[in-house]
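Asker: Below you'll find the structure I mean.
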Amino acid sequence: MAEFVFFVLALVTIVGALGTVISRNAYASALWMVAAFLGVSGLFIMLNAPFIAMLQIIVYAGAIAVLIIFVMMLMDRRVLNNKERFNPQYLWGVVLGVGLLADLSALAFKFRINLSHIGENLTLNGSNTKMIGDVLFKRYLFPFEITAIILLIALIGAVVLTRKDINT
Amino acid sequence: MLEWLSAGIDIVLVAVIFLLVLGLARYLAPKQHNPFKSQVYECGIFPVAEISQFNIRFFVIAIMFTLFDIEALFMYPWALDFKELGTLGVVEMFIFLFLVFLGWIYAYKKGALEWQ
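So, in structure tokens, the structure goes:
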């Protein structure tokens, strides 16, 4: 059963990723990307990592995809039609992709990852979101507060960079 | 096993309803392809020119949206572990929220959120 679930999720992810690359319509491409993210999120749930699965949905399928569609709302769509599907440098992308696949296959071979272990729980038992909270707020409290400062700097940086245009 | 089965039934049900509604819309809705549809959305006004530059305020809004999204994300493990963390957890979280909120105050004071 778990194998079946895994293959369905893998199929969703791969079809979504292919759709993102192949689709000529930028809107459809963004929606295919959301499908791929949902597939990845399902894979994280299979690995008993509900927090990362939720992060995948909230940050990637939520924020990032919304931002991309938000930009497209402002962009003129006609510019994108009647263009080549791939840009001339796609060959380098193919080389990199094949290289990465070979690398991952070599790793899977080296660590003897075989398909019969699909869907088996390889991590901690039960909800580890609570454990993340426990570690984050006790042991790694200082780095956690530093995260807030990094977020603060990102926002201040955005305002400082655009200040000139805002005040005109 | 049973968990996957119930999740699978749920997903199949959602997919069936989704495709049903989509198919119904495809069958019932009028279809007209015209150049106006692919125009930039301008609240119904005819666009004056092609957009080459858009307002920089959109960028600040987008950054803020992403940041507060990430901020909210940290509240999930906190909420689950709320009882065990006690008062200290509340204080820690509010320091975090305050630090991020400072950025919002800065943006507000600088007028980044105002549209003339």
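Residue numbers (this note's numbering), protein chains in the order written: chain A, 1 to 168; chain B, 169 to 284.
Every residue, glycine too, gets a C-beta built ideally from N, C-alpha and C.
In chain A, what lies closer than 9 Å to residue 231 of chain B by C-beta?
Answerer: 154, 155, 157, 158 and 159
Asker: Ordered along the chain, which non-local residues of its own chain (more than five positions away) have a Cβ less than 8 Å from that of residue 192 of chain B?
Answerer: none
Asker: On the criterion of 16 or more Cβ atoms from any shown chain inside 10 Å, does residue 264 of chain B qualify as buried, or is it exposed?
Answerer: buried
Asker: I believe residue 58 of chain A touches residue 241 of chain B by the beta-carbon criterion, under 8 Å. Please report the beta-carbon distance rounded to the nearest angstrom.
Answerer: Contact between residue 58 of chain A and residue 241 of chain B holds: their C-beta atoms lie close to 6 Å from each other, under 8 Å.
Asker: With a Cβ-Cβ cutoff of 8 Å, do residue 49 of chain A and residue 13 of chain A count as a contact?
Answerer: no
Asker: So which residues on chain A does residue 268 of chain B lean against when the C-beta distance must stay under 7 Å?
Answerer: 148, 151 and 152
Asker: Assign residue 4 of chain A to one of two classes, buried (16 or more other C-beta atoms within 10 Å of its C-beta) or exposed (fewer than that).
Answerer: exposed
Asker: Cβ of residue 130 of chain A within 8 Å of Cβ of residue 248 of chain B?
Answerer: Going by C-beta atoms, residue 130 of chain A is nearer than 8 Å to residue 248 of chain B.
Asker: Report the neighbours of residue 226 of chain B on chain A: residues whose CB is nearer than 8 Å to its CB, in chain order.
Answerer: 70 and 74
Asker: Are three or more beta carbon pairs between the stretch 169-185 of chain B and the stretch 274-282 of chain B nearer than 8 Å?
Answerer: No, they do not touch.
Asker: Against chain B, does residue 51 of chain A count as a neighbour if the rule is that its beta carbon must be under 8 Å from one of theirs?
Answerer: yes
Asker: Considering Cα atoms alone, identify which of A:112, A:141, A:73 and A:9 is closest to residue 44 of chain A.
Answerer: A:9
Asker: Going by beta-carbon coordinates alone, are residue 121 of chain B and residue 151 of chain A separated by less than 8 Å?
Answerer: Since the first residue shown for chain B is 169 and the last is 284, residue 121 of chain B is missing from the structure and cannot be characterised.
Asker: Can you tell me the Cβ-Cβ gap for residue 26 of chain A and residue 72 of chain A, rounded? I've got them flagged as a contact below 8 Å.
Answerer: Right, the Cβ-Cβ distance comes to about 6 Å (below 8 Å), so this counts as a contact.
Asker: Give the C-beta separation of residue 33 of chain A and residue 16 of chain A to the nearest angstrom, bearing in mind that I take them to be a contact with Cβ-Cβ under 8 Å.
Answerer: The distance from the Cβ of residue 33 of chain A to that of residue 16 of chain A is about 7 Å, consistent with a contact at the 8 Å cut-off.
Asker: Whose C-beta lies closer than 8 Å to the C-beta of residue 68 of chain A among residues of the same chain, with five residues either side of it excluded?
Answerer: 30 and 33
Asker: Between which two residues does the alpha helix (DSSP H) harbouring residue 249 of chain B extend?
Answerer: Careful: residue 249 of chain B lies outside any alpha helix (DSSP H) and carries neither H nor E.
Asker: Kindly list, in the order they appear in chain B, the residues whose Cβ is closer than 9 Å to that of residue 145 of chain A.
Answerer: Neighbours of residue 145 of chain A on chain B, chain order: 260, 263, 264 and 267.
Asker: For the alpha helix (DSSP H) that contains residue 225 of chain B, what are its first and last residues?
Answerer: 225-241
Asker: My understanding is that residue 155 of chain A touches residue 232 of chain B, with C-beta atoms under 8 Å, so please give their C-beta distance in whole angstroms.
Answerer: With 8 Å as the limit, residue 155 of chain A and residue 232 of chain B qualify as a contact, their Cβ atoms being about 6 Å apart.
Asker: Name the chain A residues that come within less than 9 Å of residue 275 of chain B, Cβ to Cβ?
Answerer: 155, 156, 158 and 159
Asker: Could you tell me if residue 42 of chain A is buried or exposed, where buried requires 16 or more neighbouring beta carbons within 10 angstroms of its beta carbon?
Answerer: buried
Asker: Please work out which residues of its chain come closer than 6 Å, Cβ to Cβ, to residue 228 of chain B, disregarding the five sequence neighbours upstream and downstream, and give them in chain order.
Answerer: 280
Asker: Please list the terminal residues of the continuous alpha helix (DSSP H) segment that includes residue 59 of chain A.
Answerer: Premise fails: residue 59 of chain A is in no alpha helix (DSSP H) and is neither H nor E.
Asker: If we call anything under 8 Å between Cβ atoms a contact, is residue 64 of chain A one with residue 245 of chain B?
Answerer: No, they are not a contact pair.
Asker: Any beta carbon from chain A within less than 8 Å of residue 280 of chain B's own beta carbon?
Answerer: yes
Asker: Identify whether residue 50 of chain A lies in helix, strand or coil by the three-state DSSP scheme.
Answerer: The answer is helix: DSSP assigns residue 50 of chain A an H, G or I state.
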